[in-house]
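Asks:
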Amino acid sequence: MANRWKNTLTETDVTPETVYLNRRQLMGGAAGIGLAGLAGPAMAQEDALEPNEWDDITTYNNFYEFGTGKDDPARNAHALTTDPWSVKIDGMVDNPGEFAFEDIMARMTVEERIYRFRCVEAWSMVVPWNGFELADLLNLAGVQSGAKYVAFETLYRPDEMWGQKYPVLEWPYVEGLRLDEAMHPLTIMATGIYGRDIPNQNGAPLRLVVPWKYGFKSIKSVVRITLTDQEPPTSWNIANGREYGFYSNVNPEVDHPRWSQASERRIGGGLFARKIPTLMFNGYEEEVASLYEGMDLRKFI
Amino acid sequence: MVDSLNTALRRVPAWLLYIVLPLPAFWFLYLGLTGGLGAEPIKALEQELGEFALQLLIVGLAVTPLRRFAGLNLIRFRRAIGLMAFFYVALHLLTWLVLDVQILSQIWADIVKRPYITIGMAGFVLLVPLALTSNNWSVRRLGPRWRKLHKLTYLAVLLGGVHYLMLAKGLQLEPLLYLGVILGLLALRIEPGKLRRRIGRRSAA
Ligand code: HEM
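Structure (structure tokens):
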């Protein structure tokens, strides 16, 4: 199932020669090379996107577990220990259990995916992720036929994530997808950026990336994945349901109550950066619009 | 202690504030131009200017209570503090207009449609007549009406604090602290005697 979607930009375009796949990324990466030949035809091509610099991607983050400032996560996330790490997969699956991160990586195919990343706050980046398709992980656990949704949970460890000592949000952070969204080829679990292990402030050791949704849907440092037949609660929806819906698809035509979503600022342009138009489904309309056929996207925000 | 502080302060000319207080603005701008404000310098500049404006407004609000309760006399500096606060609010607004929103049609839409912008804007508009009348000529001209007019400060600062609270995503500590300090400083101005008399008058009527 891996490699169902391809960038036109390749690894060599993005990764400077001095930066290379390190051990964790390599384990999956090597498997990827082996499997690539078996994969089906790649989906729609992405036009050439210029990825943001490593420094931008790793110093400008929303990760309230480490503070609400954009630079707080880069400053505080070193306190997080990500080894050992395991993901509990439970609910409506055939093989529930705790999956050690190493075991997951040994069985997954890590690819590079260069995606636009659009924050609900109207800024954006382009990130060269390394990761595997979530569908592959879910298939490993064996999704039962009655399952309709996937719920995700971030680690809760206030000793290392001091932001969890304050009631900014209800902890632990939780997110959710409809099963078809979760199984979509664009949906990945990212484990690296620029071929390096994903830094703690970006959601180490593995985080969801759903590129056609606002960034907060892409939950970080995941410890639990639950298959269910009910729409699961999601953190920002609990905090403010009027502003943050379950779907939260990037949509330039539906404004956030407090600001316009019609345009965005690409991070990295300096003090005089121009705004750029926001694209429907963040530019992935061709790939995902069919998921929402017949739904009123003004209602299902 | 307070007496010697007051004596020392008497030697500080008020005009010094017009030179010192604008310096952070240049510093922020310099940082923004050289990458010192992080990956998103526009928001960072906007936030720095807004926060400094609010801090100056709060210091201005603290002048009277400091004299009444601590004996510290900063009255001589109050005009400069107020004018500099206005200067920073104006720069904050300018950053929003020129660097942040950019799109003309969206500016008006944002002012009407986004409550936190509406409230910030109301705060700014209230400060305009106050800045314009912060000179000796206006004080003489307006007489007792000047003091009445400048009570608008209370509302303007309150609007600034509410503006901050409203724009924060989720329930954040900092804007709550600012608002708490503002409410505290405003509460210190309520004179129980006067209030009782006023209520008494009203119930008598
Ligand atoms: C009394 C007047 C005002 C005061 C005291 C004030 C103060 C502040 C403060 C303290 C912040 C937050 C800074 C931070 O996050 O650290 C802020 C942010 C902001 N203010 Fe104001 N402000 C005022 C008026 C205005 C006006 C007139 C506008 C525009 C019309 C405006 C637009 C904004 C925007 C866009 C933000 C940033 C929102 C973000 O972080 O995305 N403010 N202001």
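Chains as they are written, first to last, in full-length UniProt numbering: chain A, 1 to 301; chain B, 1 to 205.
Don't be surprised by glycine CBs; every beta carbon is placed ideally from N, CA and C.
Just so you know, these numbers come straight off a predicted model, no measurement behind them.
(1) Just the chain B side, please: which residues come within less than 9 Å of residue 193 (chain A) by C-beta, in chain order?
(2) So is residue 201 (chain A) buried or exposed if we call it buried at 16+ other beta carbons inside 10 Å?
(3) I'd like the ranges of any alpha helix (DSSP H) spanning at least 4 consecutive residues and lying wholly in the region 75-162 of chain B.
(4) Measure from the C-beta of residue 213 (chain A) to each C-beta in chain B and report whether the shortest distance is under 8 Å.
(5) With burial defined as no fewer than 16 other Cβ atoms inside 10 Å of the residue's Cβ, what is the status of residue 144 (chain A): buried or exposed?
(6) Excluding the 5 residues preceding and the 5 following residue 226 (chain A) in the sequence, name in chain order all residues of the same chain whose CB lies nearer than 6 Å to its CB.
(7) Would DSSP call residue 246 (chain A) helix, strand or coil?
(8) Any beta carbon of chain A sitting closer than 8 Å to that of residue 41 (chain B)?
(9) Along chain A, which residues have their Cβ under 7 Å away from the Cβ of residue 55 (chain B)?
(10) Give a yes or no on whether the minimum CB-CB distance between residue 252 (chain A) and chain B is below 8 Å.
(11) At a cut-off of 7 Å, would you count residue 301 (chain A) as near the ligand HEM, judging by its Cβ distance to the nearest heavy atom?
(12) Does the Cβ of residue 69 (chain B) have 16 or more other Cβ atoms within 10 Å, making it buried, or fewer, making it exposed?
(13) Would you list the one or two residues that DSSP bridges to residue 174 (chain A)?
(14) Check whether the region 238-257 of chain A touches the region 143-162 of chain B, taking contact to mean three or more Cβ pairs, one atom from each stretch, closer than 8 Å.
(15) Here's the rule: buried if 16 or more other CB atoms are within 10 angstroms of the residue's CB, otherwise exposed. What is residue 209 (chain A)?
(16) Indicate whether the contact test is met: 3 or more Cβ pairs, each with one atom in the region 274-288 of chain A and one in the region 44-61 of chain B, closer than 8 Å.
(17) What does the Cβ neighbour count give for residue 4 (chain B), buried or exposed, with the cut at 16 atoms within 10 Å?
(18) For residue 188 (chain A), I'd like the list of residues in its chain whose CB is within less than 7 Å of its CB, leaving aside the five on either flank, ordered along the chain.
(19) In three-state terms, what does DSSP make of residue 218 (chain A)?
(20) Going by C-alpha distance, which of B:23, B:163 and B:31 is nearest residue 117 (chain B)?
(21) Could you tell me the alpha carbon to alpha carbon distance between residue 58 (chain A) and residue 188 (chain B), rounded to whole angstroms?
(22) Under the DSSP definition of a beta bridge, which residues are partnered with residue 284 (chain A)?
(23) In this structure, how does DSSP classify residue 76 (chain A) when only helix, strand and coil are distinguished?
(24) Compare the C-alpha of residue 16 (chain B) against each of B:152, B:80, B:97 and B:113 and name the closest.
(25) Would you decide whether residue 127 (chain B) is buried or exposed? Buried here means 16 or more other CB atoms lie within 10 Å of its CB.
(26) Take residue 258 (chain A) as the anchor and find which of B:112, B:30, B:161 and B:37 has the nearest alpha-carbon.
(27) Identify the continuous alpha helix (DSSP H) that holds residue 28 (chain B) and give its terminal residues.
(28) Would you tell me roughly how many angstroms separate the C-alpha atoms of residue 181 (chain B) and residue 56 (chain B), rounded to the nearest one?
(29) Can you give me, in chain order, the residues of the region 213-244 of chain A that have a beta carbon less than 7 Å from any beta carbon in chain B?
(30) Counting contacts by CB-CB distance shorter than 8 Å, is residue 171 (chain B) in contact with chain A?
(31) Quick test of your reading: residue 118 (chain A) and residue 278 (chain A), contact by CB under 8 Å. State the CB separation rounded to the nearest angstrom.
(32) Nearest to residue 260 (chain A) by CA position, among A:269, A:275, A:164 and A:267, is which residue?
(33) Under the assumption that residue 183 (chain A) contacts residue 137 (chain A) (Cβ atoms under 8 Å), give the Cβ distance between them as a whole number of angstroms.
(34) Roughly how many angstroms separate the alpha carbons of residue 3 (chain A) and residue 111 (chain A), rounded to a whole number?
(35) Could you tell me whether the region 99-114 of chain B touches the region 125-142 of chain B, where touching means 3 or more Cβ pairs closer than 8 Å?
Replies: The answer reads as follows:
(1) The residue you call residue 193 (chain A) lines up with position 193 of the first sequence. Think of a sphere of 9 Å around the beta carbon of residue 193 (chain A): no beta carbon from chain B falls inside it, the nearest being about 14 Å out.
(2) Looking up residue 201 (chain A) in the first sequence gives position 201. By the neighbour-count rule (16 or more Cβ atoms within 10 Å), residue 201 (chain A) is buried.
(3) List check, alpha helix (DSSP H) in window: 75-94, 104-113, 115-132, 136-142 and 144-149.
(4) Taking the first sequence and counting its residues from 1, the one referred to as residue 213 (chain A) is at position 213. Residue 213 (chain A) has a beta carbon lying at 8 Å or more from every beta carbon in chain B.
(5) Within the first sequence, numbered from 1, the residue matching residue 144 (chain A) stands at position 144. The residue is exposed, with fewer than 16 neighbouring Cβ atoms inside 10 Å.
(6) If you number the first sequence from 1, residue 226 (chain A) lands on position 226. The answer, listed in chain order, is 90, 91 and 151.
(7) On the first sequence, position 246 is the one that residue 246 (chain A) refers to. In this structure, residue 246 (chain A) counts as coil in the three-state DSSP scheme.
(8) On the second sequence, position 41 is the one that residue 41 (chain B) refers to. With 8 Å as the cut-off, residue 41 (chain B) counts as an interface residue toward chain A.
(9) Locating residue 55 (chain B) in the second sequence gives position 55, where the first residue counts as 1. By Cβ distance, chain A contributes nothing, its closest Cβ being about 17 Å from residue 55 (chain B), past 7 Å.
(10) Taking the first sequence and counting its residues from 1, the one referred to as residue 252 (chain A) is at position 252. Not one chain B Cβ lies under 8 Å of residue 252 (chain A).
(11) As a working mapping, residue 301 (chain A) is identified with position 301 in the first sequence. Incorrect: residue 301 (chain A) has no Cβ contact closer than 7 Å to the ligand HEM.
(12) Residue numbering aside, residue 69 (chain B) sits at position 69 when the second sequence is read from its first letter. Classification for residue 69 (chain B): exposed.
(13) Taking the first residue of the first sequence as position 1, residue 174 (chain A) is located at position 174. Paired residues: A:153.
(14) Taking 8 Å as the limit for Cβ pairs, the verdict is that the region 143-162 of chain B does not touch the region 238-257 of chain A.
(15) Residue numbering aside, residue 209 (chain A) sits at position 209 when the first sequence is read from its first letter. Classification for residue 209 (chain A): buried.
(16) Cβ pair count under 8 Å is below three, so no.
(17) The sequence position of residue 4 (chain B) within the second sequence is 4, counting from 1. When all chains shown are included, residue 4 (chain B) counts as exposed.
(18) Taking the first residue of the first sequence as position 1, residue 188 (chain A) is located at position 188. Closer than 7 Å at the Cβ level, and outside the excluded window around residue 188 (chain A), lie 113, 129, 131, 132, 133, 134 and 209.
(19) Locating residue 218 (chain A) in the first sequence gives position 218, counting from the first residue. In this structure, residue 218 (chain A) counts as coil in the three-state DSSP scheme.
(20) Here residue 117 (chain B) refers to the residue found at position 117 of the second sequence. Looking only at B:23, B:163 and B:31, the smallest Cα-Cα distance to residue 117 (chain B) is reached by B:163.
(21) To locate residue 58 (chain A), count along the first sequence from 1; it is residue 58. To locate residue 188 (chain B), count along the second sequence from 1; it is residue 188. The alpha-carbon atoms of residue 58 (chain A) and residue 188 (chain B) are separated by roughly 45 Å.
(22) As a first step, residue 284 (chain A) is located in the first sequence; it is residue number 284 there, counting from the start. In the DSSP secondary-structure assignment, residue 284 (chain A) is not bridged to any residue.
(23) As a position in the first sequence, residue 76 (chain A) is number 76, starting the count at 1. Three-state DSSP puts residue 76 (chain A) in a helix.
(24) The count along the second sequence starts at 1 and reaches residue 16 (chain B) at position 16. Minimum Cα distance to residue 16 (chain B) is reached at B:80.
(25) As a position in the second sequence, residue 127 (chain B) is number 127, starting the count at 1. With 16 or more other Cβ atoms from the protein chains shown falling within 10 Å of its own Cβ, residue 127 (chain B) counts as buried.
(26) Sequence index remark: in the first sequence, residue 258 (chain A) carries index 258 (1-based). Scanning B:112, B:30, B:161 and B:37 for the CA closest to the CA of residue 258 (chain A) turns up B:112.
(27) Position 28 of the second sequence holds residue 28 (chain B). 23-33 is the span of the alpha helix (DSSP H), which, as asked, contains residue 28 (chain B).
(28) What you label residue 181 (chain B) is simply residue 181 of the second sequence in a count that begins at 1. What you label residue 56 (chain B) is simply residue 56 of the second sequence in a count that begins at 1. Using only the alpha carbons, I get a separation of about 13 Å.
(29) Cβ contacts with chain B: 239.
(30) One-based indexing of the second sequence puts residue 171 (chain B) at position 171. At least one chain A Cβ lies under 8 Å of residue 171 (chain B).
(31) Taking the first sequence and counting its residues from 1, the one referred to as residue 118 (chain A) is at position 118. Taking the first sequence and counting its residues from 1, the one referred to as residue 278 (chain A) is at position 278. Their Cβ separation, rounded to whole angstroms, is 7 Å, which keeps residue 118 (chain A) and residue 278 (chain A) in contact under 8 Å.
(32) Translated into the one-based positions of the first sequence, residue 260 (chain A) becomes position 260. Per the C-alpha coordinates, the member of A:269, A:275, A:164 and A:267 positioned closest to residue 260 (chain A) is A:275.
(33) If you number the first sequence from 1, residue 183 (chain A) lands on position 183. If you number the first sequence from 1, residue 137 (chain A) lands on position 137. That pair is no contact at about 11 Å.
(34) Your numbering for residue 3 (chain A) matches position 3 in the first sequence. Your numbering for residue 111 (chain A) matches position 111 in the first sequence. Between the alpha carbons of residue 3 (chain A) and residue 111 (chain A) lies a gap of roughly 7 Å.
(35) Segments in contact, no.
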